[in-house]
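A.B. asks: In terms of my numbering, the sequence shown is residues 62 to 542.
C-beta atoms are modelled at their ideal positions from N, C-alpha and C, and glycine is treated no differently.
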Amino acid sequence: MLASGVTYGVMIATLVAVAAYAIIVSRRMEIDSVKNFVSAKNSTTSLRLAWCFFSAGMGSWTLFSFPAIGVDAGSWGVIGYTMSGVCGMMVLAVVGPFTRSALGENVTMTDVVAQRFGYIMQVYISFISVFYQFISLASELTCVAQLTTMLSPNAHSLIPILVVVFLTNLYLLIGGLRASLATDVWQGIGVIALLAVVCIAMCFHVSIPNGAWSRTNVAAFTVEGFETLVTLVIAVTASNLFFTGFWQRVYAAYDDHTLRKAAFMACGIIIPFTVALALAGMVSYLAYPDGDLFFAILIDMGHGWEVLIVIVIAMLASGVSDSIQIGIAAELTTCFPQLSLLHARIIVALLNAPAIVIGYQQYDILNLFLIADLLCTAAVGPMLLGVWKRATRTGALAGSAAGLITIFICGVIAQGKFVGGFNWFILPEGLYSQNSMITFIVTLVIPPVVTVIVSLMTPKRIDETEDSYLLENSPIHSSKD
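Below you can see the structure in the form of structure tokens.
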């Protein structure tokens, strides 16, 4: 176990280095408007963008979740988490160019939604996005506190939270999104390099009992594991598409070719990262059945390796935290265009306060995450159908309403009572059950089907047929009215 002072010192030194680099880079940029603060359009090359995608989406929570999924759901679970990360990138690669053509001088995906489907739909999508991202921020700070106290039991959980929040805020308030993008590359490379060293060292250090793999079936392909795969792919992919940080990076790509190339390269980073941590969790479980997954081996290896993981935690936490903060600021300034640059910076600073409280108290926010996952799944179809020229405002609103009704009906059927429909929004059976899997499947499928049917049945409004509301590169052309 590390002394708390060592853990604090390593974390602070890592984040100070990140902040210093971000501030130095930011001083070369002119941040004189809200758009410059929350946007960096057409400025990033493919290799840099690939690392930006990775750093924005992989927080310290992965050091818990990825090792655990290998043990809880076996090989199917590992494949599911890996596919969920890859599928999100693939959707961005396919849909991103069409939304880029519709973005104009705007900033976020919800701007495209507003142009296509109106303000009500924009507010609905923004609400889900902000809700999901805030829960993610609170969860990330909770993980930072838990990981720190796991490595240093005498450490005060509030200190690492405040360190992460203060130092990420320091460079974000100065450089905005461009500062976040500047740090993503080195954070991503550093995390991959350090984790590769640690995982390789674990393989040489650990001794697995003979017959443990077959006796425990930890890597087995089970029915429950397959249900987990289906649920994970749908839930994680849908929620990733409500992460503003990803869309900001889509629009930061130099051009469409850059975006597609970066998305594929990001997949090449995500796959080994996910698989390595999942396998480390399996190996940890076999060698130390009663220990904390992944960390049981690490703690037994010596203090030097623990220091490396503290650096990894700091890098992962800062990479995700700054992306979430600037993403929420972008969503709010988009919905309320009268907000100034000063307001945007205040939002970035103040939204941390409730997240800090949740992270410090380490509240169980799983139910809130499940609500967010379901809402994202229910709305993602109508949102993405904005790339179809024939989609109408009425169709999108009908599809969104159909998503909520679908969740309610699934609850009534699963629990056999009317009130079960309301209960089902928090998935009382958890994320990994057959009923939950079915709910995610039908909630993903029905809303876009309703959107398409209603759109074809309803004529376009005059303001929906103006060129400014249509996508130049839409894959599906509307029929002549």
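Check this for me: beta carbons of Ile432 and Gly237, under 8 Å apart or not?
C.D. replies: Start at 1 with the first residue of the sequence shown, and residue 432 comes out as number 371. Start at 1 with the first residue of the sequence shown, and residue 237 comes out as number 176. In this structure, Ile432 sits away from Gly237, with a CB-CB distance that is not shorter than 8 Å.
A.B. asks: Of the choices Ser107, Thr335, Arg239, Asp133, whose alpha-carbon is the least far from that of Ala83?
C.D. replies: Along the sequence shown, read from residue 1 onward, the residue named residue 83 stands at position 22. Checking every option, the nearest Cα to that of Ala83 belongs to Arg239.
A.B. asks: Should Cys396 go down as buried or exposed, given a rule of 16 or more other Cβ atoms within 10 Å for buried?
C.D. replies: The residue you call residue 396 lines up with position 335 of the sequence shown. Cys396 should be labelled buried.
A.B. asks: With DSSP collapsed to three states, give me the class of Ala452.
C.D. replies: To locate residue 452, count along the sequence shown from 1; it is residue 391. Coil.
A.B. asks: Can you tell me the Cβ-Cβ gap for Ile196 and Phe486, rounded? I've got them flagged as a contact below 8 Å.
C.D. replies: Along the sequence shown, read from residue 1 onward, the residue named residue 196 stands at position 135. Along the sequence shown, read from residue 1 onward, the residue named residue 486 stands at position 425. Not a contact, Cβ separation roughly 14 Å.
A.B. asks: Checking the sheet assignment: what are the DSSP bridge partners for Ala314?
C.D. replies: The count along the sequence shown starts at 1 and reaches residue 314 at position 253. Thr105.
A.B. asks: Identify whether Ala74 lies in helix, strand or coil by the three-state DSSP scheme.
C.D. replies: As a first step, residue 74 is located in the sequence shown; it is residue number 13 there, counting from the start. If DSSP states are grouped into helix, strand and coil, Ala74 belongs with the helices.
A.B. asks: Would you tell me roughly how many angstroms separate the C-alpha atoms of Ile474 and Gln422, rounded to the nearest one?
C.D. replies: Stepping through the sequence shown from its first residue, residue 474 is reached at position 413. Stepping through the sequence shown from its first residue, residue 422 is reached at position 361. Taking the straight line from one Cα to the other gives about 36 Å.
A.B. asks: Closer than 7 Å to a non-hydrogen atom of the ligand FMN - does that hold for the CB of Trp122?
C.D. replies: Annotation note on the ligand FMN: not contained in the displayed structure, which lists no ligands.
A.B. asks: So, with DSSP's three-state summary, where would you put Val409?
C.D. replies: Here residue 409 corresponds to residue number 348 of the sequence shown, with the count starting at 1. In this structure, Val409 counts as helix in the three-state DSSP scheme.
A.B. asks: Along the alpha helix (DSSP H) that carries Arg239, what are the first and last residues, could you check?
C.D. replies: Residue 239 sits at position 178 when you count from the first residue of the sequence shown. Taken as a continuous stretch (DSSP letters only), the alpha helix (DSSP H) holding Arg239 covers 219-266.
A.B. asks: Using only the alpha-carbon positions, how far apart do Ser100 and Val506 sit?
C.D. replies: On the sequence shown, position 39 is the one that residue 100 refers to. On the sequence shown, position 445 is the one that residue 506 refers to. So the two alpha carbons sit approximately 32 Å from each other.
A.B. asks: Buried or exposed: which applies to Lys478, given that a residue is buried once 16 or more other Cβ atoms fall within 10 Å of its Cβ?
C.D. replies: Mapped onto the sequence shown, residue 478 falls at position 417. So Lys478 ends up on the exposed side.
A.B. asks: Buried or exposed, going by whether 16 or more other CB atoms sit within 10 Å of the CB of Tyr180?
C.D. replies: On the sequence shown, residue 180 is found 119 positions in, with the first residue counted as 1. It counts as exposed.
A.B. asks: Can you give the beta carbon distance from Thr171 to Leu492, rounded, assuming they're within the 8 Å contact cut?
C.D. replies: For this step, residue 171 is matched to residue 110 along the sequence shown. For this step, residue 492 is matched to residue 431 along the sequence shown. Not quite, the Cβ-Cβ distance comes to about 26 Å (not below 8 Å), so this is no contact.
A.B. asks: Which of helix, strand or coil does DSSP assign to Asn496?
C.D. replies: Here residue 496 corresponds to residue number 435 of the sequence shown, with the count starting at 1. Asn496 falls in the helix class under three-state DSSP.
A.B. asks: Helix, strand or coil for Ala390? Go by DSSP, reduced to three states.
C.D. replies: On the sequence shown, position 329 is the one that residue 390 refers to. It is helical.
A.B. asks: Helix, strand or coil for Val67 per DSSP?
C.D. replies: Mapped onto the sequence shown, residue 67 falls at position 6. Helix at Val67.
A.B. asks: Mapping the DSSP letters down to three states, classify Glu166 as helix, strand or coil.
C.D. replies: Mapped onto the sequence shown, residue 166 falls at position 105. It is coil, neither helix nor strand.
A.B. asks: Quick check on the DSSP output: the alpha helix (DSSP H) that includes Ile92 runs from which residue to which?
C.D. replies: Position 31 of the sequence shown, counted from the first residue, corresponds to residue 92. Neither: Ile92 is in no alpha helix (DSSP H) and is coded neither H nor E.
A.B. asks: Give every residue of the same chain whose Cβ lies closer than 7 Å to the Cβ of Val373, excluding the five residues on either side of it in the sequence, and list them in chain order.
C.D. replies: Reading the sequence shown from its first residue, position 312 is the one you call residue 373. If we look at Val373 and ignore the five residues flanking it on each side, its Cβ neighbours are Val252, Leu255, Leu256.
A.B. asks: Helix, strand or coil for Trp564, going by three-state DSSP, please let me know.
C.D. replies: The displayed coordinates of the chain run from 62 to 542. Any statement about residue 564 would go beyond what the structure contains.
A.B. asks: Quick one: measure Cβ to Cβ for Ile358 and Met263, integer angstroms, because I've assumed they're closer than 8 Å.
C.D. replies: Taking the sequence shown and counting its residues from 1, one reaches residue 358 at position 297. Taking the sequence shown and counting its residues from 1, one reaches residue 263 at position 202. That belief holds up - the Cβ atoms of Ile358 and Met263 are roughly 5 Å apart, short of 8 Å.
A.B. asks: Among the residues of its own chain, which have a CB less than 8 Å from the CB of Val515, if the five just before and after it don't count?
C.D. replies: One-based indexing of the sequence shown puts residue 515 at position 454. Excluding residues within five positions, the ones whose Cβ falls inside 8 Å are Thr453, Thr455, Gly456, Ala459, Gly460.
A.B. asks: Note down the Cα distance separating Pro520 from Asn413, rounded to an integer number of angstroms.
C.D. replies: In the sequence shown, counting from the first residue as 1, residue 520 sits at position 459. In the sequence shown, counting from the first residue as 1, residue 413 sits at position 352. Going from the Cα of Pro520 to the Cα of Asn413 covers about 44 Å.
A.B. asks: When you compare only the Cα positions, how much space is there between Ile537 and Leu369?
C.D. replies: The count along the sequence shown starts at 1 and reaches residue 537 at position 476. The count along the sequence shown starts at 1 and reaches residue 369 at position 308. Any reading at Ile537 is ruled out, since the residue's pLDDT is 38, under 50, leaving its predicted position unreliable.
A.B. asks: If you follow the alpha helix (DSSP H) that Thr283 is part of, which residue opens it and which one closes it?
C.D. replies: Within the sequence shown, residue 283 is the residue found at index 222, counting from 1. Thr283 -> no alpha helix (DSSP H), and no H or E assigned at all.
A.B. asks: Leaving aside the five residues before and after Ala463 along the sequence, list all residues of the same chain whose C-beta is less than 6 Å from its C-beta, in chain order.
C.D. replies: Along the sequence shown, read from residue 1 onward, the residue named residue 463 stands at position 402. Contacts found: Ile507, Pro508, Val511.
A.B. asks: Measuring CB to CB, does Met343 end up less than 8 Å from Val205?
C.D. replies: Numbered from its first residue, the sequence shown carries residue 343 at position 282. Numbered from its first residue, the sequence shown carries residue 205 at position 144. Taking 8 Å as the Cβ cut-off, Met343 and Val205 do not qualify as a contacting pair.
A.B. asks: Apart from the five residues just before and just after Val224, which ones in its own chain have a Cβ nearer than 7 Å to its Cβ?
C.D. replies: On the sequence shown, position 163 is the one that residue 224 refers to. Here the set comprises Met72, Ile73, Leu76.
A.B. asks: Between the C-alpha atoms of Val480 and Met498, what's the straight-line distance to the nearest angstrom?
C.D. replies: Residue mapping note: residue 480 aligns to position 419 of the sequence shown, counting from 1. Residue mapping note: residue 498 aligns to position 437 of the sequence shown, counting from 1. Between Val480 and Met498, the C-alpha separation is close to 20 Å.
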